[in-house]
Structures are given as structure tokens and as C-alpha cells.
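A short write-up of the structure that comes next.
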Amino acid sequence: MKVAVTGCASDFATAVLPRLGADPEIEGIVGIDRREPRAGHDKLRFEREDVRSPRLEQLFGGCDAVIHLAFVVREIKDKALTHDVNIGGSRNVLEAAAAAGVGRLVIASSVSAYGSHPDHPRPVDESVFPRGNPDLYYFHDKAEVEHYVEWWQRRNQDSELEIALLRPVVIFGEGFSNPVIDLITGPVAPVPRSGLEFQLLHGEDMADAFHRLAKGGPTGTFNLAPEDHVTIAELAEIHGQRVVGVPAALARPALDAGFALGVTGGSREWLAEHQAIVSSARLQSETGWRPSMTTREAAHALLLQSRRPILSSRGELHRREVAEAALAPATAAMRRWCELVPAMREATGGPEGFDAILERLEHDFLPFRSGEVHLEVHSCEDDAAPTVVFSHGLGDHSRFLTAASGGLRERGFNVVAMDRPGHGISQGRRGDAPFETSLDVIEASVRYARERFAGPVALAGASLGGILSWYALTREIDVDVAVCQNIAHPDVHHDPAMRYKRPLLRAIARAAPHAPVPGKQLADYEAMTSDPRIDAYFADEQDPLRCTTSTARSVSSFLEFEPARDWSELTTPALVVVGSADGAVTPEFTREAFEASAHPHAELRVLDGVSHMLFHEHLPLGIETIASYVSQRLGSPAAV
Numbered sequence: 030m031k032v033a034v035t036g037c038a039s040d041f042a043t044a045v046l047p048r049l050g051a052d053p054e055i056e057g058i059v060g061i062d063r064r065e066p067r068a069g070h071d072k073l074r075f076e077r078e079d080v081r082s083p084r085l086e087q088l089f090g091g092c093d094a095v096i097h098l099a100f101v102v103r104e105i106k107d108k109a110l111t112h113d114v115n116i117g118g119s120r121n122v123l124e125a126a127a128a129a130g131v132g133r134l135v136i137a138s139s140v141s142a143y144g145s146h147p148d149h150p151r152p153v154d155e156s157v158f159p160r161g162n163p164d165l166y167y168f169h170d171k172a173e174v175e176h177y178v179e180w181w182q183r184r185n186q187d188s189e190l191e192i193a194l195l196r197p198v199v200i201f202g203e204g205f206s207n208p209v210i211d212l213i214t215g216p217v218a219p220v221p222r223s224g225l226e227f228q229l230l231h232g233e234d235m236a237d238a239f240h241r242l243a244k245g246g247p248t249g250t251f252n253l254a255p256e257d258h259v260t261i262a263e264l265a266e267i268h269g270q271r272v273v274g275v276p277a278a279l280a281r282p283a284l285d286a287g288f289a290l291g292v293t294g295g296s297r298e299w300l301a302e303h304q305a306i307v308s309s310a311r312l313q314s315e316t317g318w319r320p321s322m323t324t325r326e327a328a329h330a331l332l333l334q335s336r337r338p339i340l341s342s343r344g345e346l347h348r349r350e351v352a353e354a355a356l357a358p359a360t361a362a363m364r365r366w367c368e369l370v371p372a373m374r375e376a377t378g379g380p381e382g383f384d385a386i387l388e389r390l391e392h393d394f395l396p397f398r399s400g401e402v403h404l405e406v407h408s409c410e411d412d413a414a415p416t417v418v419f420s421h422g423l424g425d426h427s428r429f430l431t432a433a434s435g436g437l438r439e440r441g442f443n444v445v446a447m448d449r450p451g452h453g454i455s456q457g458r459r460g461d462a463p464f465e466t467s468l469d470v471i472e473a474s475v476r477y478a479r480e481r482f483a484g485p486v487a488l489a490g491a492s493l494g495g496i497l498s499w500y501a502l503t504r505e506i507d508v509d510v511a512v513c514q515n516i517a518h519p520d521v522h523h524d525p526a527m528r529y530k531r532p533l534l535r536a537i538a539r540a541a542p543h544a545p546v547p548g549k550q551l552a553d554y555e556a557m558t559s560d561p562r563i564d565a566y567f568a569d570e571q572d573p574l575r576c577t578t579s580t581a582r583s584v585s586s587f588l589e590f591e592p593a594r595d596w597s598e599l600t601t602p603a604l605v606v607v608g609s610a611d612g613a614v615t616p617e618f619t620r621e622a623f624e625a626s627a628h629p630h631a632e633l634r635v636l637d638g639v640s641h642m643l644f645h646e647h648l649p650l651g652i653e654t655i656a657s658y659v660s661q662r663l664g665s666p667a668a669v
């Protein structure tokens with residue numbers, strides 16, 4: 030089977046193309062767009078062409094199906110051009126597909142085709158006429174395309190071209206962007222009324238529907254949505270957004286001015302006061318398609334990927350599908366590293382090996398005063414085996430350590446890796462995890478490990494997680510052994526300039542405790558690695574779940590915190606490790622902090638040639654370091 034996709038550089042195509050490429054029955058894909066596609070595949074042949082081009086008939090030649098995604102979504106000032114691309118281009122696609130002998134055409138319409146009207150039935154099904162709105166270009170153009178398709182089919186009843194139109198609701202996924210997403214994910218939502226309602230669908234569910242209909246099945250028009258919906262006020266409660274009621278008469282000129290100045294993503298033509306709430310019962314009954322998550326679940330994943338906090342939740346992230354959807358950008362980054370970073374490829378077996386680690390892990394959530402704390406659990410299926418409680422570094426989260434956790438599981442350990450509050454998919458303000466709170470989470474995670482598994486417990490930490498683990502030992506935490514990559518001591522200063530920054534940060538924390546402090550002020554990311562692919566992860570902010578800032582009160586608490594008791598009183602065996610090539614936390618600083626701590630049962634080990642990225646750039650050594658020390662102290666677990 031051969032499929033052509035117009036708008037192959039669009040947001041929709043980033044989800045649709047991989048789905049088509051993974052189908053063994055689809056042998057070739059022709060991607061058509063004025064821009065190169067963001068999602069590539071070996072089966073894809075890219076053709077740089079406009080949807081209004083007379084060449085479409087030629088490009089569609091030999092195709093069994095065409096998926097038409099090309100449309101102007103992001104508003105441009107030239108409305109004549111917009112309508113020509115949207116309506117004229119869609120007409121051209123339809124006529125070219127028929128002329129080329131294509132068997133099936135699947136068109137991306139939208140629930141916006143129904144229009145923004147207060148008299149919509151609840152829910153709207155496919156029998157409702159698509160009225161659009163003449164003053165809302167996107168709504169108008171989607172409806173006009175549908176009207177033309179209906180007219181064309183009446184005029185060409187003998188045509189063998191089968192046509193299906195999908196009317197999706199708001200779609201989200203990695204790389205998706207539109208004015209509606211901008212509105213519901215911003216810190217402030219200026220809206221004409223707080224009762225605005227939305228349905229949200231994951232891009233993978235959208236791609237599933239397009240793939241199904243491209244392969245065959247029913248024709249006609251189908252709504253594409255989950256069953257539930259949320260109001261803008263309900264969404265705002267989840268992530269702490271401020272909803273500001275603005276009369277439409279004031280909002281319209283304000284949006285026009287903002288769009289003209291380039292400070293808003295759309296003009297008054299995106300001001301829709303009503304949204305059709307639709308039913309997808311027809312699509313479900315005729316094709317077997319089902320959404321993988323509810324609107325509320327999808328909203329949580331969308332908000333996290335938009336760098337927003339989860340402050341109020343009803344357990345929407347508990348299902349594996351939802352947690353993994355939220356973590357998808359981080360997963361993609363780590364999967365790339367397993368292909369490109371030699372040490373990670375060696376330790377995991379490459380991207381396929383990383384996928385196997387993902388298949389085996391579990392997600393769990395701990396009740397905590399700041400909201401639920403996410404745990405990534407890797408069980409070796411031996412409850413009596415040692416359990417490693419793993420703490421992540423500055424701004425990171427447990428997915429950053431998934432490859433290391435999976436490697437420890439393969440060595441016969443259970444692993445519980447936490448997301449500190451406001452990190453990863455744990456609840457709380459982004460980057461807001463003061464020192465004492467972080468230690469409390471470590472203690473709660475250790476208790477979880479004790480209750481979940483029967484064996485001894487080891488505490489391990491990477492980077493800042495190593496420092497936290499080192500301090501946690503002074504609380505008489507219930508662990509049998511610890512491995513800390515990097516440590517600190519209150520009398521040893523890593524950054525000489527910090528003596529001047531500390532009073533300033535203390536003052537800021539008092540005046541504005543949640544003020545953001547850039548991570549680059551706290552850590553030298555360029556000194557962490559010599560691998561440009563890892564460096565790009567930090568520089569390009571490839572993971573939206575990674576906190577690039579910390580709150581002022583968090584930073585101040587880390588600078589002011591004192592150990593619960595002196596390390597010289599401790600009896601828990603501990604290994605402190607640092608790389609000789611660590612430019613972020615130098616071996617000299619670590620040695621000075623180690624000697625100042627005077628832990629009588631601790632050992633310092635400097636790893637030759639190792640950078641700060643022990644659990645990535647040197648992953649086999651990182652796994653071996655934890656496994657061998659814990660086994661030496663607690664006994665060797667049986668290999669899985």
C-alpha cells in the first residue's frame with residue numbers, strides 16, 4: 030500500500046507519519062509540503078510542493094490513499110492567502126486524488142466546522158450541520174471545505190473515490206502548538222467567560238484514527254474526541270492558572286492589537302465564546318477506535334509538557350498510558366542517547382533495549398503534603414533482593430535515570446526512583462523542592478521501599494541527588510548502605526562567589542519565595558560533559574519536564590541547610606564517588622567536603638577519566654559502581 034500525506038510538516042503529521050511508517054502493509058509514503066517534515070522515516074519520500082499545485086495529480090499517482098492535513102492553523106495576516114490555501118488547496122487535493130485514481134481520501138476537518146454557537150445540542154453528533162463562523166477564519170474555512178466535499182460528491186456520484194472526514198477536538202502532543210493550547214497552558218487566561226469548555230485528545234489517538242481510515246472501512250464524517258470535557262476554570266485549578274474575565278467587546282480590539290504587534294498568537298478571529306462538545310460514538314462503533322485517555326488525563330499530560338505545574342489532581346496520572354504520554358519528550362531524548370551515546374548503547378543494547386526497560390517498569394504515587402510524588406519502580410521480581418532508592422539531580426527527574434535503574438534491575442536489584450516535588454510528573458510548583466522537603470521525600474521513598482520489598486535498602490543519588498542522600502544519612506534514615514555521586518558540606522564552598530550570592534538569594538526568598546532562579550546560575554552545564562549530544566540536551570532544553578529554574582526559597586534552603594547531626598556520628602556504610610574529569614563538581618571540592626564530614630564508615634572513590642554524567646556518559650561504570658559496593662556490603666543479589 031502507498032499513501033500520500035499533504036501537510037507532512039504539520040503538527041498532525043508528526044504523529045501520523047510514524048504511525049503509517051510502522052505499518053508493514055504500507056510500503057511507501059509520499060510527503061507533500063512547502064517545508065521539510067519534522068518526522069522522517071525510511072519509507073517517506075518528500076516532495077516540496079504547495080497543495081494548490083497542478084502537480085498533485087502526478088504526485089498522487091500510484092497512491093492507494095491520500096491523507097489531507099495541509100491547512101493554515103497559525104494565523105497569518107493575509108486572509109486571502111489563508112482562504113486560498115485552506116479552501117482552494119483542499120479542492121485541489123480532492124480533484125487531484127480523483128483524477129489520479131486514488132482509492133481513498135481522508136480529510137482533516139475539525140469540530141470547529143460546527144462553529145462557535147450557543148445553541149449547540151449536547152453532545153453534538155455528525156447529524157448537526159457544520160455552520161462555521163464567517164468572522165472566525167479557521168471555523169469558516171473548515172466548514173467551507175466540508176461543504177465543498179459534499180457538493181463534489183453529489184456532482185460525482187459515479188466516482189470510485191471513497192472519502193472520510195475526521196473532526197478532531199483540540200489535539201496535543203510533542204511539537205503541537207495552536208492558539209487554544211496557548212490559552213489553556215498559559216499562566217493567565219483572558220477569556221470572555223469562565224465557562225469555556227474543551228475536549229482534549231492525544232496526538233497518538235488522532236494518528237490511530239487517520240491510520241485506520243486510510244487503510245479502509247467506513248466513509249463519511251466522524252467526530253474524533255474523548256467522552257468527557259473540562260471548563261477553562263477546571264483546567265485553571267489543575268495548574269494554578271489565573272482566569273481573567275474580559276468582555277468580548279474589549280477582548281476583540283486587544284487581540285487585534287496584540288496580533289498586529291506580534292505579542293499574541295491570534296487576532297479576534299480566534300475569539301470563540303462557545304465550543305461544540307461532541308460525541309465520537311459513531312467512529313467508535315464503526316471502526317473500534319477508542320481514545321487512550323480522558324480529557325482530564327490528557328490535560329495533565331499537556332500541562333506538564335507545557336512546563337506547567339500540577340497543583341490539583343484526582344489521580345489522572347496514575348494510569349501507565351497517561352504517565353508515559355506525559356513523559357514522552359523525556360523518553361524520546363533518553364532513547365536517542367541510547368542510540369548515540371556509546372556507553373548508554375552498550376549498557377542498554379540501544380533504543381530497543383531501552384524500550385524493554387520501559388515495558389517492565391511501573392509507575393506509583395506517594396501521598397505527600399505538597400501533592401503526590403511520582404515513583405518509577407523497577408522490580409526484579411525478587412522481593413528479598415536489595416532495593417536501591419535513587420534520587421535525581423538538579424532539575425531532573427526519574428526518567429533521566431531510567432537506563433541506570435533498568436541496568437540495576439538486570440543486576441538483580443529492585444529500584445525505586447523518585448521525582449522530587451515539582452519535578453518530573455510529581456505534583457507541586459515547578460522547581461520548588463526546598464532541602465528539608467526533598468529529604469522528607471527521600472525518607473518517604475525509603476519507607477515505600479521497605480513496605481513494598483522485603484530485602485535491605487540502599488540509598489543512591491546522582492549529582493544533587495548525591496548531596497541530598499549524603500545529608501539524608503544524618504537523619505538516621507532507615508537504609509543499610511548509601512552510594513553518593515557528589516556530596517557537600519556546609520563549611521565547604523563550591524562557588525567562591527556564593528558568599529556574595531547567598532545574602533541576595535536569602536533576601537529574594539523572603540520577599541518572593543517563588544521567584545525563579547535560572548539553573549545556569551546554580552550549575553555549569555557546559556562543564557558536565559564532553560559529549561555534544563548530551564550538552565545539546567541541556568542547551569536546547571529538549572525535555573519540557575526538566576526544571577530549568579528553581580524557586581528562590583528552594584535555592585536559599587540548599588545554601589542554608591545544616592545536617593541533622595554530624596557525619597562523624599554515623600554508622601551507615603557509604604561510598605562517595607566523583608569523576609576525575611568532573612568539571613561541574615570537581616574532585617578537589619568533593620575531597621574537601623568528604624574530609625570535613627569525617628564520616629568514619631565512608632569511602633571516597635575518584636573515578637579516572639569520568640565526567641559529571643556518570644549514569645549516562647559512563648553508564649556501565651555507574652551501574653557497576655552501585656552494584657558492586659551494595660553487593661560487597663549487603664551480599665550479591667541473584668542476577669535476573
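Using my numbering, the first residue of the sequence shown is number 30, and each one after it goes up by one.
For each residue, glycine too, the CB sits at the ideal point set by N, CA and C.
Separation of GLY441 from LEU390, as counted between CA atoms: Here residue 390 refers to the residue found at position 361 when the sequence shown is read from its first residue. Here residue 441 refers to the residue found at position 412 when the sequence shown is read from its first residue. Cα to Cα, the separation comes out at about 14 Å.
Which partner residues of GLU391 appear in the DSSP bridge assignment? Residue numbering aside, residue 391 sits at position 362 when the sequence shown is read from its first letter. GLU391 pairs with VAL406.
With H, G and I counted as helix, E and B as strand and the rest as coil, what does DSSP make of ILE192? Stepping through the sequence shown from its first residue, residue 192 is reached at position 163. Three-state DSSP puts ILE192 in a strand.
What does DSSP give as the partner residue(s) for MET447 in the beta ladder? The residue you call residue 447 lines up with position 418 of the sequence shown. Beta-bridge pairing links MET447 to LEU404.
Determine the DSSP secondary structure at ASN252, reduced to helix, strand or coil. In the sequence shown, residue 252 corresponds to position 223, counting from 1. Looking at ASN252 - three-state DSSP - the assignment turns out to be strand.
Using DSSP with H/G/I as helix, E/B as strand and the rest coil, what is GLY495? Here residue 495 refers to the residue found at position 466 of the sequence shown. DSSP places GLY495 in helix when its eight states are reduced to three.
Quick check on SER420: does DSSP put it in helix, strand or coil? Along the sequence shown, one-based indexing puts residue 420 at 391. Of the three classes helix, strand and coil, the one that applies to SER420 here is strand, per DSSP.
What's the gap between the Cα of VAL102 and the Cα of ALA556? For the purposes of this step, residue 102 is taken as the residue at position 73 of the sequence shown. For the purposes of this step, residue 556 is taken as the residue at position 527 of the sequence shown. Roughly 41 Å between the two C-alpha positions.
Measure the Cβ-Cβ separation of ALA385 and ARG428 and say whether it is below 8 Å. As a first step, residue 385 is located in the sequence shown; it is residue number 356 there, counting from the start. As a first step, residue 428 is located in the sequence shown; it is residue number 399 there, counting from the start. Against a cut-off of 8 Å, the Cβ pair of ARG428 and ALA385 comes out as no contact.
Do ASN252 and LEU312 come within 8 Å of each other at the CB atom, strictly closer than that value? Here residue 312 refers to the residue found at position 283 when the sequence shown is read from its first residue. Here residue 252 refers to the residue found at position 223 when the sequence shown is read from its first residue. For LEU312 and ASN252, yes; Cβs fall inside 8 Å.
For a test of your reading of the model: does the CB of PHE75 fall under 7 Å from any non-hydrogen atom of the ligand FMN? Yes or no. Among the ligands in the structure shown, none appear at all, so the ligand FMN cannot be discussed.
Fully enclosed by the segment 603-655, which beta strand (DSSP E) runs are 3 residues long or longer? 603-608, 631-636
If we ignore side chains and look at the alpha-carbon of each, how far apart do VAL351 and SER188 end up? In the sequence shown, counting from the first residue as 1, residue 351 sits at position 322. In the sequence shown, counting from the first residue as 1, residue 188 sits at position 159. Approximately 42 Å between the Cα atoms of the pair.
Do GLY294 and ASP170 have their CB atoms nearer than 8 Å? Residue 294 sits at position 265 when you count from the first residue of the sequence shown. Residue 170 sits at position 141 when you count from the first residue of the sequence shown. Against a cut-off of 8 Å, the Cβ pair of ASP170 and GLY294 comes out as no contact.
Can you have a look at GLN228 and say buried or exposed, based on whether 16 or more other CB atoms are within 10 angstroms of its CB? Position 199 of the sequence shown, counted from the first residue, corresponds to residue 228. It is buried - the Cβ of GLN228 has at least 16 other Cβ atoms within 10 Å.
Is there a Cβ from chain B that is less than 8 Å from the Cβ of ASN115? Protein chains in the displayed structure number just one, and chain B is not present.
With DSSP collapsed to three states, give me the class of VAL131. Counting from 1 along the sequence shown, the entry for residue 131 is found at position 102. In the structure shown, VAL131 sits in coil (DSSP, three-state: anything other than H, G, I, E or B).
Taking the alpha carbon of ALA12 as the reference point, which residue from MET235, VAL417, ASP461 has its own alpha carbon closest? There is simply no residue 12 to check, as the chain begins at 30 and stops at 669 in what is shown.
3 or more residues per run - each beta strand (DSSP E) lying fully within the segment 77-138: 94-97, 133-137
Over what stretch of residues does the beta strand (DSSP E) that includes LEU229 continue unbroken? The residue given as residue 229 occupies position 200 in the sequence shown. Unbroken beta strand (DSSP E) run through LEU229: 229-231.
ARG337 versus HIS112, ILE537, GLY451, PHE567, residue with shortest Cα-Cα distance: As a position in the sequence shown, residue 337 is number 308, starting the count at 1. Checked all of HIS112, ILE537, GLY451, PHE567; the closest Cα to ARG337 is GLY451.
From ALA142, SER492, HIS149, ASP148, residue whose alpha carbon lies closest to that of PRO159: Working through the sequence shown from its first residue, we reach residue 159 at position 130. Considering only alpha carbons, the answer is ALA142.
The beta strand (DSSP E) spanning GLN514 covers which residue range? Taking the sequence shown and counting its residues from 1, the one referred to as residue 514 is at position 485. Note, GLN514: beta strand (DSSP E), 510-514.
Segment limits, beta strand (DSSP E) that includes GLY274: Looking up residue 274 in the sequence shown gives position 245. Counting along the chain, the beta strand (DSSP E) containing GLY274 begins and ends at 271-274.
DSSP beta-bridge partners for GLY57? The count along the sequence shown starts at 1 and reaches residue 57 at position 28. Note: GLY57 sits in a beta bridge opposite LYS31.
Counting Cβ pairs closer than 8 Å, one from the segment 368-375 and one from the segment 488-499, do we hit at least three? no
Name the DSSP beta bridge partners of ARG74, please? Here residue 74 corresponds to residue number 45 of the sequence shown, with the count starting at 1. Answer by DSSP bridge pairing, in chain order: VAL59.
Sub-8 Å separation of HIS149 and ALA376 beta-carbons: As a position in the sequence shown, residue 149 is number 120, starting the count at 1. As a position in the sequence shown, residue 376 is number 347, starting the count at 1. No, these two residues do not count as a Cβ contact at 8 Å.
Whole-angstrom Cβ separation of LEU230 and ILE200, contact assumed at under 8 Å? By 1-based counting over the sequence shown, the position of residue 230 is 201. By 1-based counting over the sequence shown, the position of residue 200 is 171. Right, their Cβ atoms sit about 5 Å apart.
Give the secondary structure of ARG440 by DSSP, where H, G and I count as helix, E and B as strand, and everything else as coil. Translated into the one-based positions of the sequence shown, residue 440 becomes position 411. If DSSP states are grouped into helix, strand and coil, ARG440 belongs with coil.
Per-residue DSSP class, three states only, for VAL307: Locating residue 307 in the sequence shown gives position 278, counting from the first residue. Looking at VAL307 - three-state DSSP - the assignment turns out to be strand.
GLY224 burial status per 10 Å Cβ neighbour count (16 or more: buried): Indexing the sequence shown from 1 puts residue 224 at position 195. Result: exposed.
Secondary structure at GLU226, three-state DSSP: helix, strand or coil? If you number the sequence shown from 1, residue 226 lands on position 197. The answer is strand: DSSP assigns GLU226 an E or B state.
Write down the C-beta distance between VAL470 and PHE397 rounded to the nearest angstrom, noting that I regard them as a contact closer than 8 Å. Taking the sequence shown and counting its residues from 1, one reaches residue 470 at position 441. Taking the sequence shown and counting its residues from 1, one reaches residue 397 at position 368. Indeed, because the Cβ distance is near 7 Å, the residues count as touching under 8 Å.
Straight-line Cα distance separating VAL584 from GLY269: Along the sequence shown, read from residue 1 onward, the residue named residue 269 stands at position 240. Along the sequence shown, read from residue 1 onward, the residue named residue 584 stands at position 555. One C-alpha to the other measures close to 22 Å.
ALA487 - partner residues in DSSP beta bridges: Counting from one through the sequence shown, the residue named residue 487 turns up at place 458. Per DSSP, VAL417, VAL510.
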